[in-house]
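So the protein sequences, as listed, match chains A and B. Taking the working numbering, the leading residue of the first sequence gets 1, the next gets one more, and so forth. Taking the working numbering, the leading residue of the second sequence gets 327, the next gets one more, and so forth. All C-beta atoms in this analysis are idealised placements derived from N, C-alpha and C, irrespective of residue type, glycine included. Heads up: the structure comes next, in structure tokens.
2 protein chains.
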Amino acid sequence: MEELKFLVAPETGKGLREGHLYDLAIVGGGPAGLTAGVYAARKKLDTLLVSRDIGGQTLLTSDIENYMGYHYISGKELAAKFEEQVKAYPIDIAVGEEVVSLGKGGEDFVLTTATRKEIRARAVIVATGKRSRPLNVPGERELVGRGVSYCAVCDAPLFSGKDVAVIGAGNSGATAVVDLIKIADRVYVVDIMPGWRADPVLVERIAAAGAKVKAYFGHEVVRIEGRDRVEGIVIRPRGGGEEVRLPVQGVFIEIGLIPNSDLAKGFLALNEAGEIVVDCRCRTSVPGVFAAGDVTDVPEKQVIIAAGEGAKAALSAYAYLIGQRR
Amino acid sequence: MEELKFLVAPETGKGLREGHLYDLAIVGGGPAGLTAGVYAARKKLDTLLVSRDIGGQTLLTSDIENYMGYHYISGKELAAKFEEQVKAYPIDIAVGEEVVSLGKGGEDFVLTTATRKEIRARAVIVATGKRSRPLNVPGERELVGRGVSYCAVCDAPLFSGKDVAVIGAGNSGATAVVDLIKIADRVYVVDIMPGWRADPVLVERIAAAGAKVKAYFGHEVVRIEGRDRVEGIVIRPRGGGEEVRLPVQGVFIEIGLIPNSDLAKGFLALNEAGEIVVDCRCRTSVPGVFAAGDVTDVPEKQVIIAAGEGAKAALSAYAYLIGQRR
Numbered sequence: 001m002e003e004l005k006f007l008v009a010p011e012t013g014k015g016l017r018e019g020h021l022y023d024l025a026i027v028g029g030g031p032a033g034l035t036a037g038v039y040a041a042r043k044k045l046d047t048l049l050v051s052r053d054i055g056g057q058t059l060l061t062s063d064i065e066n067y068m069g070y071h072y073i074s075g076k077e078l079a080a081k082f083e084e085q086v087k088a089y090p091i092d093i094a095v096g097e098e099v100v101s102l103g104k105g106g107e108d109f110v111l112t113t114a115t116r117k118e119i120r121a122r123a124v125i126v127a128t129g130k131r132s133r134p135l136n137v138p139g140e141r142e143l144v145g146r147g148v149s150y151c152a153v154c155d156a157p158l159f160s161g162k163d164v165a166v167i168g169a170g171n172s173g174a175t176a177v178v179d180l181i182k183i184a185d186r187v188y189v190v191d192i193m194p195g196w197r198a199d200p201v202l203v204e205r206i207a208a209a210g211a212k213v214k215a216y217f218g219h220e221v222v223r224i225e226g227r228d229r230v231e232g233i234v235i236r237p238r239g240g241g242e243e244v245r246l247p248v249q250g251v252f253i254e255i256g257l258i259p260n261s262d263l264a265k266g267f268l269a270l271n272e273a274g275e276i277v278v279d280c281r282c283r284t285s286v287p288g289v290f291a292a293g294d295v296t297d298v299p300e301k302q303v304i305i306a307a308g309e310g311a312k313a314a315l316s317a318y319a320y321l322i323g324q325r326r
Numbered sequence: 327m328e329e330l331k332f333l334v335a336p337e338t339g340k341g342l343r344e345g346h347l348y349d350l351a352i353v354g355g356g357p358a359g360l361t362a363g364v365y366a367a368r369k370k371l372d373t374l375l376v377s378r379d380i381g382g383q384t385l386l387t388s389d390i391e392n393y394m395g396y397h398y399i400s401g402k403e404l405a406a407k408f409e410e411q412v413k414a415y416p417i418d419i420a421v422g423e424e425v426v427s428l429g430k431g432g433e434d435f436v437l438t439t440a441t442r443k444e445i446r447a448r449a450v451i452v453a454t455g456k457r458s459r460p461l462n463v464p465g466e467r468e469l470v471g472r473g474v475s476y477c478a479v480c481d482a483p484l485f486s487g488k489d490v491a492v493i494g495a496g497n498s499g500a501t502a503v504v505d506l507i508k509i510a511d512r513v514y515v516v517d518i519m520p521g522w523r524a525d526p527v528l529v530e531r532i533a534a535a536g537a538k539v540k541a542y543f544g545h546e547v548v549r550i551e552g553r554d555r556v557e558g559i560v561i562r563p564r565g566g567g568e569e570v571r572l573p574v575q576g577v578f579i580e581i582g583l584i585p586n587s588d589l590a591k592g593f594l595a596l597n598e599a600g601e602i603v604v605d606c607r608c609r610t611s612v613p614g615v616f617a618a619g620d621v622t623d624v625p626e627k628q629v630i631i632a633a634g635e636g637a638k639a640a641l642s643a644y645a646y647l648i649g650q651r652r
């Protein structure tokens with residue numbers, strides 16, 4: 001995967017204050033975290049937002065047509081608007097920092113970053129989102145960044161006039177196909193399931209591209225081939241059958257997402273998918289710790305839903321902190 | 327209360343088709359209903375959106391600063407953007423119709439409007455929002471529209487240079503005060519509780535207005551006085567004490583909201599406040615009926631939360647309908 005380009009360089013943000021006890025630490029800078037930041041700031045909470053990037057998965061999204069208020073907006077534009085909005089408030093923002101652990105230190109919560117900075121807060125919102133799931137086939141790891149990509153938005157332009165394969169026929173796979181139709185010469189789609197699992201509007205757009213798109217449903221990927229760069233993929237029918245080699249120069253892997261919940265393991269209750277379990281008010285299994293957006297077990301992964309959950313989490317954290325003061 | 331000014335005249339919308347069995351009927355045209363409309367349309371559901379107005383409570387809101395994507399936008403502008411977005415999709419929209427009952431008719435759901443039109447649908451989303459709660463004091467009903475208002479956004483401009491009272495010191499009361507500071511000569515605030523229950527940013531703005539605002543906390547309203555128009559209100563300390571008369575020409579009542587759940591009474595489970603009880607996926611007590619936004623028991627009343635819930639409700643309705651087809 002390409003490194004994310006930060007919309008904000010770490011040095012331009014108001015940084016984190018080590019040794020300071022914050023009211024609230026928000027971990028994650030996607031739609032949920034940024035919305036939580038705005039709501040926390042409006043409640044005058046002494047807040048730190050700490051994140052690897054600003055924008056989260058929206059940075060990896062090209063066309064957003066279902067965020068209410070904008071009939072069409074790119075993920076980067078929307079992230080920039082969210083960022084501008086949260087920066088209008090006096091909260092500390094530390095970008096370029098990854099929180100690797102979360103636990104209790106006396107009465108407070110203690111978070112540590114990959115660079116060994118320590119954050120103390122009276123309440124925490126985890127809004128760390130999800131990341132792409134790898135295929136785990138031979139050739140995949142070796143050829144990442146050399147034809148293997150997990151981000152069609154980032155990398156599609158590199159494949160002008162070439163042949164590519166998209167692995168996965170859900171909404172993110174279908175979105176990748178729609179992006180690639182405009183750029184690549186031929187687009188193969190491979191999925192172990194027997195058909196599309198994407199929104200009908202996307203499937204219709206793909207159908208309109210005709211023979212440019214060829215689908216191998218009910219197929220699985222055996223390996224990705226190539227020495228210095230991707231030269232092809234080998235697939236076969238699910239449950240066995242003859243292997244087929246597709247001569248492609250690019251492979252876009254869109255087979256789902258993994259929650260970024262490592263920091264919470266052993267501290268918060270997670271479900272089998274590794275998502276943080278929350279109630280309808282974004283409360284986790286530990287009082288004072290809230291979670292919002294794609295890292296949680298909220299079923300649908302949508303910007304507008306994540307933003308709504310971020311607002312809920314901040315208001316729940318505020319209610320918790322007010323209760324503590326009594 | 328002033329009549330709502332429809333952003334869309336009933337005759338311009340695509341109307342409802344009586345006798346047609348819709349996949350989904352969405353009742354309500356506020357942020358939750360409109361978002362549900364966009365999500366349902368993107369899932370290609372045969373959808374009717376039926377509502378008294380387009381915009382719901384956002385039409386009664388002046389400055390929205392916490393809808394992500396817009397650092398500042400008026401309620402009317404945001405409603406117009408939502409409206410434009412939902413109208414880009416081929417769904418039926420019937421504005422100016424109030425649904426007064428909801429029940430089962432065989433396998434389908436049957437809804438009837440105040441004008442006795444019948445709507446049939448395989449699934450329903452109730453997103454009818456809330457309305458203002460009356461004080462229930464002498465003089466209130468008689469003087470509505472003649473100095474008594476439930477909508478500072480609509481009516482504040484009528485009180486230029488006059489003295490007014492705002493009843494209620496929560497967020498909506500505080501917002502009304504902020505609106506009125508710019509217009510009225512003197513603003514009294516009356517609340518039975520001992521202080522503000524509003525966001526600190528609002529309270530700070532009010533504090534900055536100095537002596538222009540005078541608060542009577544711990545007071546209740548006894549009556550509203552006036553013959554043809556409001557001439558004053560009489561208040562007294564909660565629990566008894568000497569009455570105080572405030573010579574005002576306007577009274578803005580901001581003491582909370584009542585859910586518009588009458589259509590669901592006896593059919594869906596409601597809580598003590600009359601809100602429709604939903605689970606985290608917007609499912610009501612009746613399979614196939616979903617609810618979203620302020621009419622539900624979701625704790626916080628915010629545009630971004632209502633929009634997120636509307637998206638969830640539509641996706642849950644889609645999953646329900648797909649399941650029914652099997």
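Classify B:Arg448 as buried or exposed, calling it buried when 16 or more other Cβ atoms lie within 10 Å of its own Cβ.
Walking along the second sequence from the start, residue 448 of chain B turns up at place 122. It counts as buried.
Within chain B, the residues that A:Val201 reaches when beta carbons sit closer than 8 Å
Counted from its first residue, the first sequence places residue 201 of chain A at position 201. Residues of chain B passing the Cβ test: Arg368, Lys370.
Please classify A:Gly274: does DSSP put it in a helix, a strand, or coil?
By one-based count along the first sequence, residue 274 of chain A stands at place 274. Three-state DSSP puts A:Gly274 in coil, outside helix and strand.
Delimiting residues of the beta strand (DSSP E) encompassing A:Glu118
Within the first sequence, residue 118 of chain A is the residue found at index 118, counting from 1. A:Glu118 -> beta strand (DSSP E) spans 118 to 126.
Does the CB of A:Ala317 have a neighbour CB from chain C at under 8 Å?
The chain labelled as chain C is not found among the protein chains of the depicted structure, namely A and B.
Is there a Cβ from chain B that is less than 8 Å from the Cβ of A:Ile93?
Position 93 of the first sequence holds residue 93 of chain A. It does not: the Cβ of A:Ile93 has no partner Cβ on chain B nearer than 8 Å.
Using the C-alpha atoms, what's the distance from A:Arg17 back to A:Val303?
Within the first sequence, the letter at position 303 stands for residue 303 of chain A. Within the first sequence, the letter at position 17 stands for residue 17 of chain A. In this model, A:Val303 and A:Arg17 are separated by some 30 Å (Cα to Cα).
Pair within 8 Å by beta-carbon distance, B:Asn586 and B:Gly499
Position 260 of the second sequence holds residue 586 of chain B. Position 173 of the second sequence holds residue 499 of chain B. In this structure, B:Gly499 does not lie closer than 8 Å to B:Asn586 by Cβ.
Residue from A:Arg223, A:Val222, A:Glu97, A:Tyr188 with nearest C-alpha to A:Ala207:
Against the first sequence, residue 207 of chain A aligns to sequence position 207. Nearest C-alpha to A:Ala207: A:Tyr188.
Using three-state DSSP, classify B:Arg564 as helix, strand or coil.
Here residue 564 of chain B corresponds to residue number 238 of the second sequence, with the count starting at 1. Here B:Arg564 sits in coil by DSSP.
Here's a check: name, in chain order, each residue in its chain whose Cβ is nearer than 7 Å to the Cβ of A:Val177, leaving out the five neighbours to either side.
For this step, residue 177 of chain A is matched to residue 177 along the first sequence. Closer than 7 Å at the Cβ level, and outside the excluded window around A:Val177, lie Val166, Val187, Val189, Ile206, Val213.
Going along chain A, which residues have a C-beta under 7 Å from B:Lys638?
Within the second sequence, the letter at position 312 stands for residue 638 of chain B. Using a Cβ-Cβ cut-off of 7 Å, B:Lys638 is close to Glu300, Ile305 of chain A, given in chain order.
For B:Ala632 and B:Pro357, which I take to be in contact (beta-carbon distance under 8 Å), what is that distance rounded to the nearest angstrom?
Residue mapping note: residue 632 of chain B aligns to position 306 of the second sequence, counting from 1. Residue mapping note: residue 357 of chain B aligns to position 31 of the second sequence, counting from 1. The pair is a contact, with the Cβ atoms about 4 Å apart (cut-off 8 Å).
Kindly indicate if chain A contains any beta-carbon less than 8 Å away from that of B:Asn462.
Walking along the second sequence from the start, residue 462 of chain B turns up at place 136. Chain A contact via Cβ: absent.
How big is the Cα-Cα spacing for A:Arg133 and A:Gly256?
Numbered from its first residue, the first sequence carries residue 133 of chain A at position 133. Numbered from its first residue, the first sequence carries residue 256 of chain A at position 256. Rounded to the nearest angstrom, the two C-alpha atoms are 5 Å apart.
Pull out every residue of the region 28 to 42 of chain A whose Cβ sits closer than 8 Å to any Cβ of chain B, in chain order.
So the close ones are Pro31, Leu34, Thr35, Val38, Tyr39, Arg42.
Would you mind reading off the limits of the alpha helix (DSSP H) that contains B:Lys413?
The count along the second sequence starts at 1 and reaches residue 413 of chain B at position 87. Per DSSP, the continuous alpha helix (DSSP H) segment holding B:Lys413 begins and ends at 401 to 413.
Nearest-angstrom Cα distance between B:Tyr542 and B:Arg378?
As a working note, residue 542 of chain B is residue 216 in the second sequence. As a working note, residue 378 of chain B is residue 52 in the second sequence. Near 36 Å, if we compare the C-alpha coordinates of B:Arg378 and B:Tyr542.
Own chain, CB closer than 6 Å to A:Ile253, minus 5 neighbours either side, in chain order
By 1-based counting over the first sequence, the position of residue 253 of chain A is 253. Leu135, Tyr150, Ile167.
Here's the rule: buried if 16 or more other CB atoms are within 10 angstroms of the residue's CB, otherwise exposed. What is A:Asp294?
Start at 1 with the first residue of the first sequence, and residue 294 of chain A comes out as number 294. A:Asp294 is buried by the Cβ-count criterion.
Quick one: Cα of A:Glu77 to Cα of B:Leu386, how far?
The count along the first sequence starts at 1 and reaches residue 77 of chain A at position 77. The count along the second sequence starts at 1 and reaches residue 386 of chain B at position 60. Those two C-alpha atoms are separated by around 29 Å.
Between the C-alpha atoms of B:Ala482 and B:Val577, what's the straight-line distance to the nearest angstrom?
If you number the second sequence from 1, residue 482 of chain B lands on position 156. If you number the second sequence from 1, residue 577 of chain B lands on position 251. Straight through space, the alpha carbons of B:Val577 and B:Ala482 are spaced by roughly 10 Å.
Go to A:Asp199, then tell me how far its alpha helix (DSSP H) extends in each direction, as first and last residue.
Counted from its first residue, the first sequence places residue 199 of chain A at position 199. Taken as a continuous stretch (DSSP letters only), A:Asp199 belongs to no alpha helix (DSSP H), as it is neither H nor E.
DSSP has B:Gly487 in a bridge; who is on the other side?
The sequence position of residue 487 of chain B within the second sequence is 161, counting from 1. None, per the DSSP bridge assignment.
Would you say A:Arg283 reaches chain B, if we count a Cβ-Cβ gap shorter than 8 Å as a contact?
On the first sequence, residue 283 of chain A is found 283 positions in, with the first residue counted as 1. A:Arg283 does not count as touching chain B.
With DSSP as the reference, label B:Leu437 as helix, strand or coil.
For this step, residue 437 of chain B is matched to residue 111 along the second sequence. Strand.
B:Gln411 versus A:Gly75 - alpha carbon distance:
Your numbering for residue 411 of chain B matches position 85 in the second sequence. Your numbering for residue 75 of chain A matches position 75 in the first sequence. In this model, B:Gln411 and A:Gly75 are separated by some 17 Å (Cα to Cα).
By the three-class DSSP mapping on this structure, what secondary structure does B:Thr387 have?
Counting from one through the second sequence, the residue named residue 387 of chain B turns up at place 61. Of the three classes helix, strand and coil, the one that applies to B:Thr387 here is coil, per DSSP.
Under the three-state DSSP convention, the category A:Asp262 falls into:
Within the first sequence, numbered from 1, the residue matching residue 262 of chain A stands at position 262. Looking at A:Asp262 - three-state DSSP - the assignment turns out to be helix.
Output needed for A:Glu2: all residues of its chain with C-beta closer than 8 Å, excluding positions within five of it in sequence on either side, in chain order.
Numbered from 1 along the first sequence, position 2 holds the residue referred to as residue 2 of chain A. Residue placement at A:Glu2 is poorly supported in this model, since its pLDDT is 32, which falls under 50; the coordinates still yield a value, given next. Correct list, in chain order: Gly145, Ser149, Cys151, Cys154, Asp155.
Reduced DSSP category for A:Lys214 - H, G, I as helix; E, B as strand; rest coil
Sequence index remark: in the first sequence, residue 214 of chain A carries index 214 (1-based). For A:Lys214, the three-state secondary structure derived from DSSP is strand.
Taking the alpha carbon of B:Val615 as the reference point, which residue from B:Gly634, B:Leu641, B:Tyr393, B:Asp418 has its own alpha carbon closest?
Position 289 of the second sequence holds residue 615 of chain B. Comparing Cα-Cα distances from B:Val615 to each of B:Gly634, B:Leu641, B:Tyr393, B:Asp418, the minimum goes to B:Leu641.
Between the CA atoms of A:Lys162 and B:Leu589 - distance to the nearest angstrom:
Translated into the one-based positions of the second sequence, residue 589 of chain B becomes position 263. Translated into the one-based positions of the first sequence, residue 162 of chain A becomes position 162. A straight line joining the alpha-carbon of B:Leu589 with that of A:Lys162 spans about 58 Å.
With a threshold of 7 Å on Cβ separation, who are the neighbours of B:Asp511 within its own chain once the five nearest residues in sequence on each side are excluded?
The sequence position of residue 511 of chain B within the second sequence is 185, counting from 1. Gly487, Lys488, Asp489, listed in sequence order.
Contact with chain B by A:Met193, beta-carbon distance below 8 Å:
Position 193 of the first sequence, counted from the first residue, corresponds to residue 193 of chain A. So, not an interface residue.
Which same chain residues, not among the five before or five after B:Thr338, have their C-beta less than 7 Å away from its C-beta?
Here residue 338 of chain B is taken as the residue at index 12 of the second sequence, counted from 1. Note that B:Thr338 scores 36 on pLDDT, short of 50, meaning its location in the model is unreliable; the coordinates nonetheless yield the value given after this. Non-local C-beta neighbours of B:Thr338 in its own chain, meaning closer than 7 Å and more than five positions away in sequence, are absent.
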